[in-house]
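K.L.:
Residue numbers (my numbering), protein chains in the order written: chain A, 1 to 302; chain B, 1001 to 1302.
(1) Specify whether the region 60-68 of chain A and the region 127-136 of chain A touch according to this definition: at least 3 beta carbon pairs, one from each stretch, less than 8 Å apart.
(2) Hey, which unbroken runs of the alpha helix (DSSP H) at 4 residues or more fall wholly within the region 62-93 of chain A?
(3) Quick check on DSSP: helix, strand or coil for residue 1107 of chain B?
(4) Pull up the distance between the alpha-carbon of residue 112 of chain A and that of residue 1183 of chain B, whole angstroms please.
(5) Skipping 5 residues on each side, what residues in its chain have a beta carbon closer than 7 Å to that of residue 251 of chain A?
(6) Residues of chain A with CB closer than 7 Å to the CB of residue 1096 of chain B, please, in chain order.
(7) In this structure, what does DSSP give as the bridge partners for residue 102 of chain A?
(8) Any contact of the region 1219-1235 of chain B with the region 1256-1266 of chain B, i.e. 3+ C-beta pairs under 8 Å?
(9) So that I know if they touch, is there some Cβ in chain B lying closer than 8 Å to that of residue 225 of chain A?
(10) Using 8 Å as the limit for Cβ to Cβ distance, is residue 1123 of chain B near chain A?
(11) What is the DSSP secondary structure of residue 1225 of chain B, counted as helix, strand or coil?
(12) Any idea if residue 122 of chain A is buried or exposed, counting beta-carbon neighbours within 10 angstroms, 16 or more meaning buried?
(13) Any residues in the region 41-61 of chain A with a beta carbon nearer than 8 Å to a beta carbon of chain B? Which ones, in chain order?
(14) Looking only at its chain, what residues have a beta carbon closer than 7 Å to the beta carbon of residue 1162 of chain B, apart from the 5 residues adjacent to it on each side?
(15) Using beta carbons (cut-off 8 Å, strictly below), is residue 1292 of chain B in contact with chain A?
(16) Specify the secondary structure class of residue 167 of chain A as computed by DSSP and reduced to three states.
(17) Just mark residue 71 of chain A as buried or exposed, buried being the case when its beta carbon has 16 or more other beta carbons within 10 Å.
(18) Determine whether the Cβ of residue 1077 of chain B lies closer than 8 Å to any Cβ atom of chain D.
(19) Do you know offhand how far residue 1080 of chain B's Cα is from residue 1128 of chain B's?
(20) Ignoring anything shorter than 4 residues or poking outside the region 128-193 of chain A, list the alpha helix (DSSP H) runs there in chain order.
(21) Taking C-beta pairs closer than 8 Å, name the residues in chain B that residue 131 of chain A reaches, listed in chain order.
(22) Checking 8 Å against the spacing of the C-beta atoms, do residue 1196 of chain B and residue 1218 of chain B come in under that value?
(23) With distances taken Cα to Cα, identify the nearest neighbour of residue 1030 of chain B among B:1288, B:1131 and B:1208.
(24) Whose C-beta lies closer than 7 Å to the C-beta of residue 973 of chain B among residues of the same chain, with five residues either side of it excluded?
(25) Three-state secondary structure (DSSP) at residue 1247 of chain B?
(26) Can you tell me whether residue 188 of chain A is buried or exposed, with buried defined as 16 or more other CB within 10 angstroms of its CB?
(27) For residue 282 of chain A, which three-state DSSP category applies?
(28) Given a threshold of 16 other Cβ atoms within 10 Å of its Cβ, counted over all protein chains shown, does residue 1264 of chain B qualify as buried or as exposed?
(29) Can you find the residues in the same chain that come closer than 8 Å, C-beta to C-beta, to residue 1175 of chain B, ignoring five residues on each side of it along the sequence?
(30) Can you pull the chain A neighbours of residue 1128 of chain B, defined as C-beta to C-beta under 9 Å?
(31) Could you give the first and the last residue of the continuous alpha helix (DSSP H) run that contains residue 1045 of chain B?
(32) For residue 66 of chain A, which residues in the same chain have their Cβ closer than 8 Å to its Cβ, ignoring the five residues on either side in sequence?
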């Protein structure tokens, strides 16, 4: 069940290629203006270029290519969801939120640019996501453009990612049970991962039946990812993670590890990973990157 | 040239009607969930229901009705732009930004709910705006939905409102000249006012020629509004304004009043107001609300 060398190579190559494409797209989308807005755009670039694994763009692009979508369009949609992910990290790192000075092994945006510019840079990345999706360069089909927007806005708002972040704030000392922690994580990280495969499916005009299986895949890897994250937070190395660890335990928040114990949590993450791969049974080698990701999320060391 | 009683009545009735419709729409869109997200949705409701003049929805709705758009659709689009305006105020009021404890005569969102929830409530209102626009209830025409999103995202991001806010941060002690202050204000408040008339025009399938005149109207009232705002900030009453005044002067920021003097600024605002009305010459009584607004922005006392 471990990650084979082949898997690791496939995933490493797939992600490296997408990282290059995502960075190049953001570089082209965000030229630094020669006026008083320059620091804002520099902060946006700091937050969104040259950092992060690009898992969400990878999901959009891989699913889209399974259905023969033009890669350029898929990269743009991938950048839109990555802009949402990046804005949420910028705001999450603020002193009034998680107060993290480091992110992806470099200073977080507010540490580098100050809090006010970090708030605005997050807001501007948020707007950029919808600017990208509503542009005809992402899709000539207005149904697709409007549908991508609906999908991403719903997944990131109060009924999705932001709602999960609110639950995370409320978690402190609240003694959440396993059901509530699962729900919290499904919103906080799961909603955006589901949106990633859904956006690939929207671009690919995938019928509802195919979407249901892809969503099930995303739900399973999302939960597996979060359980693995809790395990890494519990046992991991701060230098390797590039961020502070064990903050949940210190804040008195329930985690999968605190509720299930490390061994049961590890077994659960592995079972979810296998289950995720099972949802891809109707797909051939074109879904190998998704399979490799499902294995990686539970085997990674950072 | 002053505001006639008729004008005041027309505008007061028009705005009161729209305020009721906007509040009712947000009330329906934001039921408070019975889980740990409740405080987030309460904070969103605090920020977006029962406060503000609703000038931007009024512009969307009035322009849309000039072109026979279904009022329900126009109200939804008006709520989307108001959600953007409201999120920007929530973030603007944060301690790391303008640090305002009061807004619309009540505690600002972070004063009432804490900073972390205020950041998230702003982010969630931001997402809500695009959720509303991408919903088929706003328009059955996917071209219209995608176009509304493009218009609002561009006007609110780093090339619009957020860019203007960045210039405002950079203004402190920078000795901006009149040209730069004008550009700052065109981005900070003008971009969203232009987007409001543009969104009405998108809903109404207005040809480019008509849009150009409507945008010119919005540009003129936006600048007139801002000059009047500087005058009120210079001469106004804090209790009536419902917010702290004279903060720009204290922060060493150039304003229209500091650069032109109060009398020249007042004359300029009035000239812009008349010019705005001139752009409506091809419209009949259906544009009277826009004319009344153009007069009001320079005659208001808060």
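Beta carbons are placed, not taken as given, at the ideal position from N, Cα and C, and that holds for glycine.
P.N.:
Let's see:
(1) no
(2) 71-92
(3) For the purposes of this step, residue 1107 of chain B is taken as residue 107 along the second chain, with counting starting at 1. In the structure shown, residue 1107 of chain B adopts extended strand secondary structure according to DSSP, grouped into three states.
(4) Position 112 of the first chain, counting from 1, holds the residue named residue 112 of chain A. Position 183 of the second chain, counting from 1, holds the residue named residue 1183 of chain B. Each residue's alpha carbon lies about 27 Å from the other.
(5) As a position in the first chain, residue 251 of chain A is number 251, starting the count at 1. Around residue 251 of chain A: 172.
(6) Counted from its first residue, the second chain places residue 1096 of chain B at position 96. Per Cβ cutoff of 7 Å: 115, 116 and 119.
(7) Taking the first residue of the first chain as 1, we reach residue 102 of chain A at position 102. Answer by DSSP bridge pairing, in chain order: A:107.
(8) yes
(9) As a first step, residue 225 of chain A must be located in the first chain, where it is residue number 225. Chain B contact via Cβ: absent.
(10) Along the second chain, one-based indexing puts residue 1123 of chain B at 123. Taking Cβ atoms only, chain A reaches closer than 8 Å to residue 1123 of chain B, which makes this a yes.
(11) As a position in the second chain, residue 1225 of chain B is number 225, starting the count at 1. In the structure shown, residue 1225 of chain B sits in a helix (DSSP, three-state: H, G or I).
(12) Locating residue 122 of chain A in the first chain gives position 122, where the first residue counts as 1. Buried, since its Cβ has 16 or more Cβ neighbours within 10 Å.
(13) 41 and 44
(14) Counting from 1 along the second chain, the entry for residue 1162 of chain B is found at position 162. For residue 1162 of chain B, where only same-chain residues beyond five positions count, the Cβ hits under 7 Å are 1156.
(15) Counting from 1 along the second chain, the entry for residue 1292 of chain B is found at position 292. No - not a single Cβ of chain A is within 8 Å of the one on residue 1292 of chain B.
(16) If you number the first chain from 1, residue 167 of chain A lands on position 167. Reduced to three states, the DSSP call for residue 167 of chain A is helix.
(17) Taking the first chain and counting its residues from 1, the one referred to as residue 71 of chain A is at position 71. Burial call: exposed.
(18) The structure shown has no chain D; the protein chains it does contain are A and B.
(19) Locating residue 1080 of chain B in the second chain gives position 80, counting from the first residue. Locating residue 1128 of chain B in the second chain gives position 128, counting from the first residue. Looking at the two C-alpha atoms, the distance is approximately 7 Å.
(20) 142-156, 161-171 and 178-185
(21) Counted from its first residue, the first chain places residue 131 of chain A at position 131. Within chain B, the residues near residue 131 of chain A are 1150, 1153, 1154 and 1157.
(22) Your numbering for residue 1196 of chain B matches position 196 in the second chain. Your numbering for residue 1218 of chain B matches position 218 in the second chain. A Cβ-Cβ contact shorter than 8 Å links residue 1196 of chain B with residue 1218 of chain B.
(23) As a first step, residue 1030 of chain B must be located in the second chain, where it is residue number 30. Of the candidates B:1288, B:1131 and B:1208, the one whose C-alpha sits nearest the C-alpha of residue 1030 of chain B is B:1131.
(24) Past the edges of chain B, shown from 1001 to 1302, lies residue 973 of chain B, and the structure says nothing about it.
(25) Walking along the second chain from the start, residue 1247 of chain B turns up at place 247. Residue 1247 of chain B: helix per DSSP, three-state reduction.
(26) For this step, residue 188 of chain A is matched to residue 188 along the first chain. Label assigned to residue 188 of chain A: buried.
(27) Residue numbering aside, residue 282 of chain A sits at position 282 when the first chain is read from its first letter. DSSP places residue 282 of chain A in coil when its eight states are reduced to three.
(28) Mapped onto the second chain, residue 1264 of chain B falls at position 264. Residue 1264 of chain B comes out exposed.
(29) Counted from its first residue, the second chain places residue 1175 of chain B at position 175. In chain order, 1254 place their CB closer than 8 Å to the CB of residue 1175 of chain B, counting only its own chain and leaving out the 5 sequence neighbours on each side.
(30) Within the second chain, numbered from 1, the residue matching residue 1128 of chain B stands at position 128. Chain A residues near residue 1128 of chain B: 153, 157 and 158.
(31) As a first step, residue 1045 of chain B must be located in the second chain, where it is residue number 45. That run of the alpha helix (DSSP H) goes 1038-1048.
(32) In the first chain, counting from the first residue as 1, residue 66 of chain A sits at position 66. Only 200, 204, 283, 286 and 287 meet the Cβ criterion.
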